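These notes are about the structure you will find just below.
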Amino acid sequence: MRCMDCGGKMVESTTVFTVQFGNSVIVIKNVPCFECEICGYTEFSDEVSEKLEKMVNIIKKSSQEVAVLDYNKAA
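First residue of the sequence shown: 1, per our numbering; consecutive thereafter.
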């Protein structure tokens, strides 16, 4: 797999996913991704993207200002 930005090699890694909406911030740690060895661009698989979307929607309903989750424990 090659990076869309620079053409570098994409390798399996983990990252921190952050979403801000209104006055709230959601931080999800240890999210599996593919990361470019050269520029650091990250990309998620469809499965991970779906799980992230579900997690974000659940937290949005809770009305928390700041939420920090560990992907491995919440997925």
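A virtual CB, placed ideally from N, CA and C, is assigned to each residue, including glycine. Computed from a prediction, not measured in an experiment: that's the story for all the values here.
Self-check item: Pick from Lys54, Glu43 and Ser63 that is closest to valine 16, judged by C-alpha positions
Solution: In the sequence shown, the residue the question calls residue 16 occupies position 16. Here the closest residue by C-alpha is Glu43.
Exercise. If I'm right that glycine 7 touches glutamate 37 with Cβ under 8 Å, what's the distance once you round it to whole angstroms?
Key: What you label residue 7 is simply residue 7 of the sequence shown in a count that begins at 1. What you label residue 37 is simply residue 37 of the sequence shown in a count that begins at 1. The Cβ separation is near 11 Å, so there is no contact.
Quiz item: Quick one: what does DSSP say asparagine 57 is sitting in, helix, strand or coil?
Solution: Along the sequence shown, read from residue 1 onward, the residue named residue 57 stands at position 57. Asparagine 57: helix per DSSP, three-state reduction.
Quiz prompt | glutamate 65 - DSSP class collapsed to helix/strand/coil | solution = Counting from 1 along the sequence shown, the entry for residue 65 is found at position 65. Coil at glutamate 65, not helix or strand.
Exercise. Give the DSSP-derived three-state secondary structure of valine 24 in the structure shown.
Key: For this step, residue 24 is matched to residue 24 along the sequence shown. Rather than valine, the amino acid found at residue 24 in this sequence is serine. In the structure shown, serine 24 sits in a strand (DSSP, three-state: E or B).
Quiz item: Cα-Cα, which of Gly40, Cys39, Gln20 and Ile26 is closest to tyrosine 71?
Solution: For the purposes of this step, residue 71 is taken as the residue at position 71 of the sequence shown. Residue Ile26 is the option with its Cα nearest to tyrosine 71.
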